[in-house]
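Numbers -24 to -1, 1 to 235, taken from mature numbering (1 follows the signal peptide of the UniProt record, and there is no 0), label the letters of the sequence shown in order. Please read the structure below before turning to the comments.
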Amino acid sequence: MNKDKPMFRLLPLAGLLAAGCCAAAVSVATFKQVMPPPGLYQIDTDGTIRMPDAGTSARQQTDGASGDVTATTTAPGGKARQDFKGDGPIRFCVPAHQVVPQVLPANLGAAACKTLSTTGGGDSIVHIAQCAGGRYKLTVRRLSENTWEFIDHADLGPTPGAPSMEALRPMMEQMAKNGTPEERAKAQQALAVLPQQQAAMDAGRAQAMAALAKAQADAKTPQEAAAVAKAMQAMGQTGIHMQTDARRVWTRIAEHCGS
(Lines of atoms letter the chains of each structure in order from A and count residues from 1; the text may use other names and numbers.)
(Lines give C-alpha, C1' and ligand atoms only; values in the text may rest on other atoms or scores of the structure.)
Protein backbone atom coordinates (compact mmCIF):
# COMPACT_ATOMS: atom_id res chain seq x y z
CA MET A 1 0.00 0.00 0.00
CA ASN A 2 1.34 3.43 -0.92
CA LYS A 3 1.57 6.16 1.67
CA ASP A 4 1.64 9.83 0.82
CA LYS A 5 5.27 11.02 0.64
CA PRO A 6 5.18 14.62 -0.55
CA MET A 7 8.09 16.20 -2.35
CA PHE A 8 7.93 19.20 -0.10
CA ARG A 9 8.83 17.92 3.35
CA LEU A 10 8.26 21.45 4.68
CA LEU A 11 4.52 20.98 4.64
CA PRO A 12 4.58 19.36 8.03
CA LEU A 13 1.04 19.42 9.35
CA ALA A 14 -0.59 18.00 6.26
CA GLY A 15 0.52 14.48 7.09
CA LEU A 16 -1.04 14.30 10.55
CA LEU A 17 -2.84 11.09 11.41
CA ALA A 18 -6.53 11.46 10.92
CA ALA A 19 -7.64 9.99 14.25
CA GLY A 20 -6.80 11.12 17.74
CA CYS A 21 -5.17 14.44 16.90
CA CYS A 22 -7.28 16.71 19.04
CA ALA A 23 -9.45 14.44 21.17
CA ALA A 24 -8.08 15.77 24.46
CA ALA A 25 -8.92 19.40 23.62
CA VAL A 26 -12.45 19.11 22.19
CA SER A 27 -15.51 17.15 23.17
CA VAL A 28 -15.68 13.48 22.31
CA ALA A 29 -18.86 14.13 20.33
CA THR A 30 -17.18 16.80 18.21
CA PHE A 31 -14.12 14.65 17.71
CA LYS A 32 -16.21 11.72 16.46
CA GLN A 33 -18.27 13.97 14.21
CA VAL A 34 -15.30 15.76 12.58
CA MET A 35 -12.41 13.31 12.32
CA PRO A 36 -12.24 10.54 9.69
CA PRO A 37 -13.18 7.14 11.13
CA PRO A 38 -11.11 3.97 10.60
CA GLY A 39 -10.86 2.91 6.99
CA LEU A 40 -8.86 3.31 3.79
CA TYR A 41 -8.51 6.77 2.29
CA GLN A 42 -7.32 8.19 -1.01
CA ILE A 43 -5.62 11.59 -0.70
CA ASP A 44 -5.40 14.52 -3.13
CA THR A 45 -2.89 17.23 -2.19
CA ASP A 46 -2.25 20.84 -3.12
CA GLY A 47 0.63 22.50 -1.27
CA THR A 48 2.62 25.71 -1.66
CA ILE A 49 5.83 27.05 -0.13
CA ARG A 50 6.45 30.78 -0.36
CA MET A 51 9.63 32.72 0.43
CA PRO A 52 8.34 36.31 0.55
CA ASP A 53 11.74 37.94 1.00
CA ALA A 54 13.07 36.24 -2.14
CA GLY A 55 9.89 36.62 -4.18
CA THR A 56 9.79 32.88 -4.94
CA SER A 57 7.29 30.08 -4.44
CA ALA A 58 6.87 26.40 -5.23
CA ARG A 59 3.56 24.58 -5.62
CA GLN A 60 3.00 20.83 -5.75
CA GLN A 61 -0.28 19.20 -6.72
CA THR A 62 -0.66 15.44 -6.33
CA ASP A 63 -3.52 13.45 -7.84
CA GLY A 64 -4.66 10.83 -5.35
CA ALA A 65 -5.97 8.40 -7.96
CA SER A 66 -2.74 8.14 -9.98
CA GLY A 67 -0.02 9.66 -7.82
CA ASP A 68 0.81 12.04 -10.69
CA VAL A 69 2.54 15.23 -9.56
CA THR A 70 2.54 18.72 -11.05
CA ALA A 71 5.27 21.00 -9.67
CA THR A 72 5.27 24.72 -10.43
CA THR A 73 7.97 27.16 -9.35
CA THR A 74 7.63 30.92 -9.53
CA ALA A 75 10.55 33.33 -9.26
CA PRO A 76 11.27 36.93 -10.28
CA GLY A 77 12.61 35.56 -13.59
CA GLY A 78 9.41 33.73 -14.49
CA LYS A 79 7.46 30.52 -13.93
CA ALA A 80 8.32 26.88 -14.69
CA ARG A 81 6.15 23.75 -14.59
CA GLN A 82 7.08 20.07 -14.52
CA ASP A 83 4.84 17.00 -14.55
CA PHE A 84 5.87 13.69 -12.98
CA LYS A 85 4.24 10.30 -13.48
CA GLY A 86 3.09 8.74 -10.20
CA ASP A 87 3.62 5.29 -8.74
CA GLY A 88 -0.10 4.67 -8.30
CA PRO A 89 -2.85 5.75 -5.90
CA ILE A 90 -1.94 7.76 -2.79
CA ARG A 91 -3.67 5.97 0.04
CA PHE A 92 -3.59 6.05 3.82
CA CYS A 93 -4.94 3.61 6.38
CA VAL A 94 -6.58 4.74 9.59
CA PRO A 95 -6.54 1.55 11.70
CA ALA A 96 -9.43 0.54 13.89
CA HIS A 97 -7.18 0.50 16.96
CA GLN A 98 -4.25 2.87 17.26
CA VAL A 99 -2.29 4.79 19.85
CA VAL A 100 -3.41 8.42 20.01
CA PRO A 101 -0.55 10.47 18.50
CA GLN A 102 0.68 13.94 19.40
CA VAL A 103 -1.03 16.88 17.74
CA LEU A 104 2.25 17.79 16.01
CA PRO A 105 4.59 15.14 14.57
CA ALA A 106 7.98 14.51 16.15
CA ASN A 107 9.95 16.06 13.29
CA LEU A 108 8.51 19.45 14.24
CA GLY A 109 10.00 19.15 17.70
CA ALA A 110 6.53 18.64 19.14
CA ALA A 111 7.88 18.65 22.70
CA ALA A 112 8.95 22.27 22.16
CA CYS A 113 5.56 23.31 20.82
CA LYS A 114 3.06 25.22 22.90
CA THR A 115 -0.62 24.84 22.14
CA LEU A 116 -2.20 28.26 21.79
CA SER A 117 -5.73 27.03 21.17
CA THR A 118 -7.75 24.03 20.04
CA THR A 119 -11.39 24.62 19.22
CA GLY A 120 -14.10 22.51 17.66
CA GLY A 121 -17.69 22.87 16.65
CA GLY A 122 -20.05 21.86 13.88
CA ASP A 123 -17.98 20.03 11.28
CA SER A 124 -14.50 21.44 12.02
CA ILE A 125 -11.60 21.42 14.46
CA VAL A 126 -8.90 24.14 14.53
CA HIS A 127 -5.57 23.72 16.29
CA ILE A 128 -2.97 26.51 16.64
CA ALA A 129 0.50 25.98 18.12
CA GLN A 130 3.70 27.96 18.55
CA CYS A 131 6.80 25.84 17.93
CA ALA A 132 10.51 26.53 17.78
CA GLY A 133 10.34 26.83 13.99
CA GLY A 134 7.28 29.06 13.84
CA ARG A 135 3.53 29.23 14.19
CA TYR A 136 1.30 26.41 12.92
CA LYS A 137 -2.42 26.19 12.26
CA LEU A 138 -4.31 23.04 11.34
CA THR A 139 -7.97 23.00 10.33
CA VAL A 140 -9.86 19.74 9.82
CA ARG A 141 -13.30 19.82 8.19
CA ARG A 142 -15.77 17.12 7.32
CA LEU A 143 -17.08 17.98 3.85
CA SER A 144 -19.49 15.09 3.32
CA GLU A 145 -20.19 11.56 4.48
CA ASN A 146 -17.02 10.26 2.83
CA THR A 147 -14.74 13.28 2.33
CA TRP A 148 -12.64 15.42 4.67
CA GLU A 149 -10.14 18.22 4.21
CA PHE A 150 -7.00 18.94 6.21
CA ILE A 151 -5.79 22.52 5.75
CA ASP A 152 -2.59 23.68 7.38
CA HIS A 153 -0.60 26.89 7.42
CA ALA A 154 2.87 27.45 8.81
CA ASP A 155 4.78 30.70 9.22
CA LEU A 156 8.41 29.67 9.57
CA GLY A 157 11.32 31.86 10.61
CA PRO A 158 15.06 31.11 10.57
CA THR A 159 15.92 28.37 13.06
CA PRO A 160 19.09 27.69 15.07
CA GLY A 161 21.64 25.30 13.62
CA ALA A 162 23.79 24.81 10.56
CA PRO A 163 22.22 24.73 7.09
CA SER A 164 21.63 21.25 5.71
CA MET A 165 21.79 20.09 2.10
CA GLU A 166 19.35 17.30 3.02
CA ALA A 167 16.49 19.69 2.34
CA LEU A 168 17.28 19.27 -1.36
CA ARG A 169 17.20 15.48 -1.31
CA PRO A 170 13.41 14.92 -1.83
CA MET A 171 13.36 17.12 -4.94
CA MET A 172 16.49 15.50 -6.38
CA GLU A 173 15.18 12.00 -5.70
CA GLN A 174 11.93 12.87 -7.50
CA MET A 175 13.90 14.19 -10.47
CA ALA A 176 16.21 11.16 -10.52
CA LYS A 177 13.17 8.91 -10.73
CA ASN A 178 10.78 10.79 -13.00
CA GLY A 179 12.77 13.33 -15.02
CA THR A 180 14.01 13.17 -18.59
CA PRO A 181 17.15 11.04 -19.16
CA GLU A 182 19.30 14.17 -18.91
CA GLU A 183 17.51 15.35 -15.76
CA ARG A 184 17.80 11.91 -14.17
CA ALA A 185 21.55 11.80 -14.86
CA LYS A 186 22.09 15.25 -13.37
CA ALA A 187 19.96 14.44 -10.33
CA GLN A 188 21.79 11.16 -9.70
CA GLN A 189 25.10 12.98 -9.91
CA ALA A 190 23.87 15.65 -7.51
CA LEU A 191 22.71 13.00 -5.03
CA ALA A 192 26.10 11.28 -5.21
CA VAL A 193 28.02 14.44 -4.27
CA LEU A 194 25.53 15.65 -1.64
CA PRO A 195 27.64 14.42 1.33
CA GLN A 196 30.77 16.11 -0.03
CA GLN A 197 28.87 19.35 -0.61
CA GLN A 198 27.56 19.25 2.95
CA ALA A 199 31.07 18.66 4.30
CA ALA A 200 32.47 21.56 2.28
CA MET A 201 29.67 23.85 3.43
CA ASP A 202 30.23 22.85 7.06
CA ALA A 203 33.98 23.49 6.75
CA GLY A 204 33.43 26.91 5.20
CA ARG A 205 30.92 27.82 7.87
CA ALA A 206 33.35 26.74 10.61
CA GLN A 207 36.08 28.92 9.12
CA ALA A 208 33.73 31.90 8.91
CA MET A 209 32.63 31.43 12.53
CA ALA A 210 36.27 31.26 13.64
CA ALA A 211 37.02 34.50 11.79
CA LEU A 212 34.02 36.19 13.38
CA ALA A 213 35.06 35.00 16.84
CA LYS A 214 38.52 36.53 16.31
CA ALA A 215 36.96 39.76 15.07
CA GLN A 216 34.78 39.90 18.15
CA ALA A 217 37.79 39.37 20.42
CA ASP A 218 39.71 42.11 18.60
CA ALA A 219 36.82 44.59 18.54
CA LYS A 220 37.92 48.03 19.71
CA THR A 221 34.49 49.40 20.60
CA PRO A 222 31.26 47.97 22.02
CA GLN A 223 29.54 48.86 18.75
CA GLU A 224 32.01 46.76 16.75
CA ALA A 225 31.59 43.85 19.15
CA ALA A 226 27.78 44.09 18.90
CA ALA A 227 27.91 44.11 15.10
CA VAL A 228 30.09 40.99 15.06
CA ALA A 229 27.80 39.27 17.59
CA LYS A 230 24.83 39.98 15.32
CA ALA A 231 26.68 38.49 12.35
CA MET A 232 27.55 35.39 14.40
CA GLN A 233 23.91 34.98 15.38
CA ALA A 234 22.84 35.18 11.73
CA MET A 235 25.54 32.65 10.79
CA GLY A 236 24.15 30.28 13.41
CA GLN A 237 20.70 30.22 11.87
CA THR A 238 19.25 28.14 9.06
CA GLY A 239 16.97 29.28 6.32
CA ILE A 240 14.89 32.36 5.64
CA HIS A 241 11.32 33.38 6.32
CA MET A 242 8.93 30.91 4.70
CA GLN A 243 5.19 30.39 4.62
CA THR A 244 3.61 27.05 3.75
CA ASP A 245 0.03 26.12 2.97
CA ALA A 246 -1.38 22.71 2.17
CA ARG A 247 -4.83 21.31 1.50
CA ARG A 248 -5.45 17.59 1.45
CA VAL A 249 -8.76 16.03 0.60
CA TRP A 250 -9.28 12.61 2.15
CA THR A 251 -11.81 10.36 0.37
CA ARG A 252 -12.89 7.22 2.20
CA ILE A 253 -12.85 4.37 -0.30
CA ALA A 254 -13.22 1.38 2.04
CA GLU A 255 -14.29 0.66 5.60
CA HIS A 256 -11.30 -1.64 6.13
CA CYS A 257 -7.70 -1.32 5.03
CA GLY A 258 -7.25 -4.96 4.07
CA SER A 259 -3.92 -6.76 3.99
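Yeah, the Cβ is synthetic: ideal placement off N, Cα and C, and Gly gets one too.
Note down, in chain order, each residue of its chain lying with its Cβ closer than 6 angstroms to the Cβ of residue i, except the 5 sequence neighbours on either side.
i: Thr49; result: Ala34 and Ala56
i: Val102; result: Thr95 and Thr115
i: Gln164; result: Ala152
i: Trp124; result: Pro12, Arg118 and Trp226
i: Gln199; result: none
i: Cys69; result: Leu16 and Cys233
i: Pro157; result: none
i: Lys113; result: Ile104 and His129
What do you get for residue i, buried or exposed, if any count of 16 or more other CB atoms within 10 angstroms of its CB means buried?
i: Gly40; result: buried
i: Gln183; result: exposed
i: Asp128; result: buried
i: Ala5; result: exposed
i: Val169; result: exposed
i: Ala179; result: exposed
i: Ala161; result: exposed
i: Ala222; result: buried
State yes or no: is the C-beta of residue i within less than 7 angstroms of the C-beta of residue j?
i: Asp99; j: Arg117; result: yes
i: Leu16; j: Ala230; result: yes
i: Arg224; j: Asn122; result: no
i: Thr32; j: Ala47; result: no
i: Gln37; j: Asp22; result: yes
i: Ala105; j: Pro14; result: no
i: His217; j: Asp29; result: yes
Please list, in chain order, all residues of the same chain as residue i whose beta carbon is under 8 angstroms from its beta carbon, the five residues on each side excluded.
i: Glu149; result: Ala163 and Leu167
i: Met208; result: Met185, Leu188, Ala189 and Gln192
i: Lys90; result: Ala105, Gln106 and Cys107
i: Arg145; result: Leu167 and Leu170
For residue i, which residues from the same chain have a beta carbon less than 7 angstroms from its beta carbon, with the 5 sequence-adjacent residues on both sides left out?
i: Ala195; result: Ala201 and Val204
i: Gln18; result: Gly40, Ala41, Pro65, Ile66, Arg67, Thr227 and Ile229
i: residue 236; result: No statement about residue 236 is possible, as the shown extent of the chain runs from -24 to 235 and does not include it.
Spell out a yes or no on whether the segment 90 to 108 and the segment 188 to 205 are touching, meaning 3 or more CB-CB pairs, one atom from each, closer than 8 angstroms. no
Which parts of the segment 103 to 134 are runs of the alpha helix (DSSP H), unbroken and 4 residues or longer, counting only runs that do not cross its ends? The segment 103 to 134 contains no whole alpha helix (DSSP H) run of 4 or more residues.
Quick check for students: name the residue ranges of the beta strand (DSSP E) that lie wholly in the segment 6 to 47, counting only runs of 3 or more. 15 to 27 and 32 to 38
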